[in-house]
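Respectively, the protein sequence lines represent chains A and B.
Just so we're aligned: the first sequence equals residues 869 to 1164 in the working numbering.
Just so we're aligned: the second sequence equals residues 7 to 363 in the working numbering.
Glycine included, C-beta positions come from ideal geometry on N, C-alpha and C.
Contents: one structure, followed by commentary.
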Amino acid sequence: MTTQTLSPKTDSPRQWRQAAFAYLLVAPPLLLMLLLIFIPALQSIARTLTVDVDGQVGFSFSRYVAFFQDRISVSNLMFTFQVVFLTLATIFVVCFPLALYLRFAQGRLAAAVQILALFPLFVPGIILCYALIRFLGTRGTLETILNVVGVSGYRTPYLKPEAIIIGLVWESIPFTVLVLTAGLRQVNDSLIESARDVGANDWTIFRRIILPLIMRPVLIAFSLNFLGIFGAYTVPYLLGPAAPQMMGVFMQQTFGQYRRPDDAETQAVITFIICSLVGLLYVRTVAKQRIQQENE
Amino acid sequence: MARLDIVQLTKQFGGVTAVDAAQFTVNDNEFMCILGPSGCGKSTLLRMVAGFEAPTSGDIRIDGETIAALPANKRPTAMVFQKYTLWPHMTVYDNIAFGLGLRRLSRSVIEQKVKEALELVSLSGYEARYPAQLSGGQQQRVALARAIVLEPKILLLDEPFSSLDAILRVRLREELKRIQRRLKITAIFVTHDQEEALSLADRIAVMSGGRIEQLDAPSTIYSTPSTLFVADFIGTMNLLQATAAGGELRVGDYRLPAPAGLKEGQVTVAIRPEDVVLGGEGTGWRGTVDQVMDLGHYRKIIAQIPGVGDVKIYLSKMPDVSEGAPITLNPQRWLVYQPDAALPLEYRRAGAVEAAV
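Below, the structure written as C-alpha cells:
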C-alpha cells in the first residue's frame, strides 16, 4: 500500500520567498514599535509593580493603591472619564446630522458643508486653542457680538470643562464625519427606500435600519476618538481648569512640575490600560469587518 | 382590490423629460406591465406611484382619491425592488414583520401574517435565516412576501427578477402570476424583458423616450404594434423600406399587394418571421440562406434577398435547410407604417394561416 502526501501550497519555495519578503517589509515598523513602544511600556508596567525596600526588590501593588487612595488622582481620573463621555456624546450629536446630510444631499451647498466639516483637520491644535480663547474668552468675539445685540451676562466657558469639550469636539469633527459618511455610503439607497415603502418615517429608518447597518463605523469612530480624547494634552491644558485636570495634563505636571516620575509612570500605565481596553474594541471591530469582507 | 389612475403624469429632471404626460388606468385585479428599454422612464413612472419621485405635473389616483401629495410611507402601495432590499441585519421573519410592527398590530397577528406570507412564497421554515444565508431567488421571494403581507392596494414591482438567472426568472414569474391571481391584487410590473411582460401581463404599456407608445393586451401588442418602435422592440420583426404606388408595395424588385386605404409614398413594411412561408414559385422572394440558428424546437433562418435585404423567418425542423442553399420566401401577412398615419394598415393573404412554430 502506498500513501501519497501532497505538500501544501505554502510549502513551495515561491510561497516561502513571498512570505519572507512580506515579513521583511513589515519588519522595520515592527522593530521600531518594539523598541520605542512595547519594551518601554513593559518596563514601565514592571516598574509600577515592584517595590524596592532596603535594596530588596519585590512585587507590589502599592503604587496603584496609592493612586486610588489619593483624592486628587481619583478626581482627575473621574474628571477625564466625564469629559471623554460628554465629548463623545457631543461629537455624535454634532456629526451624525452632518454625515447624514453629506450622505443624502447633493449640490454645491453639500460640497461647501463637506469642506467646512473637514476644515479643522488643517488647523493645528494650539492655533485652535488660542482662536477659541479669543472667541469664547472674557471680552472675546462672542461676548462682543452678544453685547452688540443687547445680550448681557455672558459667562465664558474658558478655563471650565465646557471649553475642553468645545475644543475637543471641534478637533474631532473631520475624522468622525469622514468615518460616518463612509459608513453611510455603504448603506444602499434601496434599503432605505424599502423601509420607507413599508411605512417607516425618517426617525424609524435611522434607528432601525441605518444605525444597525453602520454600527461598525460608529464603533471605530467611538474607539479612536476615545483614545485621542482620553490622552489629550494641548486642549485641556490651554482651555481647561487648573483643577480637576485631565490625565494628560495631570501626568505632565506630576512628571515635569512636581518631579515625581514614579507617580507619573503609574498614571501613564493606568491610562494605557484603559485605552488598551478601548483599543481592543477597535481591533475586534476592524477584524470582524475584514472577515466579513473576505467572506463576501 | 383597487383601481389606479395615472393622469397626465410628467416628470422632468432639469431639462430632461423622463416621463411625458403618461395617462392610463390599471383596473381592479389587473396585472399591468410597463415595458421599455433602459432609460425610457418606466422606473421613474413606478417610483412616482410609490412616492419616491415627486411628479412635475399630473396626478396619481387610487380608487379616485389623489395620492400624489402623500409621502411614500403613507401610500397604500408596496414595492418589490430590483435587488439589495432585504435588511441584512434582520432575519427573514423580522424583514417581513417590520412593516406590520409599524402598523401596531399585535404579536400574534404579526406571527400569523408572516407565516401565511412565507407559505405563499414557499419559504416556510426560513424565518430565522438572515438574507446572506439565502439565494438570490429566495431573497426576492422574501421581498415579495414583505410587500404582500401589508395587503397593499397596488403592488409595484421594479424589475424584481432581473438579477436572477434565466431558469429561476421563469420559475418566479410563474409563481408571481399564481400569487397575484390568488390574492386578486392590482399590480404594476416594470421590465425591459419582453418575454416576461408578454407572459405575465393582462395589459402591457410599451414606453419609449418617456412616452407610452402603446397600451394593449399582449396578443394585440405582438400582432398589431401601433408604432414602428413597438414593432421593432417587441419580438422579432422584418422592417423593410418600400414604396406605395398604384395599389402595390414595391419592396426592392418585388411587389406585394397594398392594404386598402394606403396613400402613395415611402412606407415601412413590417413582417413577422412566422408570417413568412417557404415556396411561392414565380411570385416568391428568391435569395440564399445566410444563417441557420437551431433554437431547439424550431430554427431561425436569416435569408439574404437581393434588393430587399436580410429577412428572418422561423422554420420547424423540416424541411432541412443549409447555409448557402437557395431559398424562396412568400410573406403571408404584413403591416404597413406610413410616416404620417397614427396606426399601421394590415394586409393578410387569402388563406394565410398562423404559423405553427
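Residue i versus residue j - alpha carbon distance
i: residue 918 (chain A); j: residue 1084 (chain A); result: 40 angstroms
i: residue 136 (chain B); j: residue 163 (chain B); result: 22 angstroms
i: residue 1069 (chain A); j: residue 180 (chain B); result: 34 angstroms
i: residue 284 (chain B); j: residue 232 (chain B); result: 27 angstroms
i: residue 1090 (chain A); j: residue 988 (chain A); result: 18 angstroms
i: residue 1130 (chain A); j: residue 92 (chain B); result: 57 angstroms
i: residue 874 (chain A); j: residue 891 (chain A); result: Because residue 874 (chain A) sits at a pLDDT of 46, beneath the cut-off of 50, its placement in the model cannot be relied upon, and the following sentence gives the value as read from the coordinates. When rounded, the distance between both Cα atoms is 26 angstroms.
i: residue 113 (chain B); j: residue 155 (chain B); result: 14 angstroms
i: residue 363 (chain B); j: residue 56 (chain B); result: Model confidence at residue 363 (chain B) stands at a pLDDT of 39, short of 50, so the residue's coordinates are unreliable; what they give is reported in the following sentence. Cα to Cα, the separation comes out at about 40 angstroms.
i: residue 197 (chain B); j: residue 211 (chain B); result: 10 angstroms
i: residue 321 (chain B); j: residue 303 (chain B); result: 9 angstroms
i: residue 310 (chain B); j: residue 60 (chain B); result: 50 angstroms
i: residue 213 (chain B); j: residue 223 (chain B); result: 14 angstroms
i: residue 94 (chain B); j: residue 44 (chain B); result: 28 angstroms
i: residue 219 (chain B); j: residue 1046 (chain A); result: 47 angstroms
i: residue 869 (chain A); j: residue 1159 (chain A); result: Its pLDDT being 42, under 50, residue 869 (chain A) is placed unreliably in this model, and the value from its coordinates should be taken loosely. Whole-angstrom Cα-Cα distance: 42 angstroms.
i: residue 307 (chain B); j: residue 177 (chain B); result: 29 angstroms
i: residue 927 (chain A); j: residue 908 (chain A); result: 19 angstroms
i: residue 323 (chain B); j: residue 289 (chain B); result: 25 angstroms
i: residue 65 (chain B); j: residue 950 (chain A); result: 56 angstroms
i: residue 883 (chain A); j: residue 893 (chain A); result: 15 angstroms
CB contact flag (residue i, residue j, <7 angstroms)
i: residue 327 (chain B); j: residue 268 (chain B); result: no
i: residue 335 (chain B); j: residue 317 (chain B); result: yes
i: residue 1132 (chain A); j: residue 1139 (chain A); result: no
i: residue 25 (chain B); j: residue 47 (chain B); result: yes
i: residue 1035 (chain A); j: residue 1087 (chain A); result: no
i: residue 329 (chain B); j: residue 295 (chain B); result: yes
i: residue 1032 (chain A); j: residue 1108 (chain A); result: yes
i: residue 185 (chain B); j: residue 140 (chain B); result: no
i: residue 193 (chain B); j: residue 245 (chain B); result: no
i: residue 240 (chain B); j: residue 272 (chain B); result: no
i: residue 190 (chain B); j: residue 68 (chain B); result: no
i: residue 1153 (chain A); j: residue 935 (chain A); result: no
i: residue 1055 (chain A); j: residue 1073 (chain A); result: no
Three-state secondary structure (DSSP) of residue i
i: residue 214 (chain B); result: strand
i: residue 875 (chain A); result: Note that residue 875 (chain A) has pLDDT 46, beneath the 50 cutoff, so the model's placement of it is unreliable and the number below is only indicative. Residue 875 (chain A) falls in the coil class under three-state DSSP.
i: residue 361 (chain B); result: In this predicted model, residue 361 (chain B) has a pLDDT of only 40, less than 50, meaning its place in the structure is not dependable; the value taken from the coordinates is given anyway. Coil at residue 361 (chain B), not helix or strand.
i: residue 992 (chain A); result: coil
i: residue 43 (chain B); result: coil
i: residue 1038 (chain A); result: helix
i: residue 1113 (chain A); result: coil
i: residue 273 (chain B); result: strand
i: residue 1071 (chain A); result: helix
i: residue 1082 (chain A); result: coil
i: residue 307 (chain B); result: strand
i: residue 364 (chain B); result: This structure cannot speak to residue 364 (chain B), because chain B is shown only from 7 to 363.
i: residue 49 (chain B); result: helix
i: residue 5 (chain B); result: With chain B covering only 7 through 363, there is no way to say anything about residue 5 (chain B).
i: residue 986 (chain A); result: helix
i: residue 250 (chain B); result: strand
i: residue 186 (chain B); result: helix
i: residue 97 (chain B); result: coil
i: residue 299 (chain B); result: strand
i: residue 28 (chain B); result: strand
i: residue 1054 (chain A); result: coil
i: residue 904 (chain A); result: helix
i: residue 1093 (chain A); result: helix
i: residue 947 (chain A); result: helix
i: residue 17 (chain B); result: strand
i: residue 318 (chain B); result: strand
i: residue 116 (chain B); result: helix
i: residue 127 (chain B); result: coil
i: residue 146 (chain B); result: helix
Expected contact under 8 angstroms - CB spacing of residue i and residue j to nearest Å
i: residue 204 (chain B); j: residue 195 (chain B); result: Their Cβ separation, rounded to whole angstroms, is 12 angstroms, which puts residue 204 (chain B) and residue 195 (chain B) out of contact at 8 angstroms.
i: residue 97 (chain B); j: residue 134 (chain B); result: 5 angstroms
i: residue 172 (chain B); j: residue 102 (chain B); result: With 8 angstroms as the limit, residue 172 (chain B) and residue 102 (chain B) do not qualify as a contact, their Cβ atoms being about 27 angstroms apart.
i: residue 971 (chain A); j: residue 885 (chain A); result: That belief does not hold up - the Cβ atoms of residue 971 (chain A) and residue 885 (chain A) are roughly 45 angstroms apart, past 8 angstroms.
i: residue 1024 (chain A); j: residue 1005 (chain A); result: 6 angstroms
i: residue 1197 (chain A); j: residue 90 (chain B); result: Residue 1197 (chain A) is absent from the model: chain A starts at 869 and stops at 1164.
i: residue 1092 (chain A); j: residue 1150 (chain A); result: 6 angstroms
*Taking three-plus beta-carbon pairs below 8 angstroms as touching, is the stretch 980-1000 of chain A in contact with the stretch 1091-1107 of chain A?*
The answer is yes - the stretch 1091-1107 of chain A touches the stretch 980-1000 of chain A, with three or more Cβ pairs under 8 angstroms.
_Does the structure place the stretch 74-83 of chain B close enough to the stretch 21-33 of chain B that three or more beta carbon pairs sit under 8 angstroms?_
No: fewer than three Cβ pairs fall under 8 angstroms.
*Three or more C-beta pairs below 8 angstroms linking the stretch 261-277 of chain B and the stretch 339-353 of chain B*: Here the stretch 261-277 of chain B lies against the stretch 339-353 of chain B, with 3 or more beta-carbon pairs under 8 angstroms apart.
*asked:* Under 8 angstroms, with one C-beta from each stretch per pair, do the stretch 942-959 of chain A and the stretch 1106-1121 of chain A reach the 3-pair mark?
replied: Yes: the two stretches touch, three or more of their Cβ pairs being nearer than 8 angstroms.
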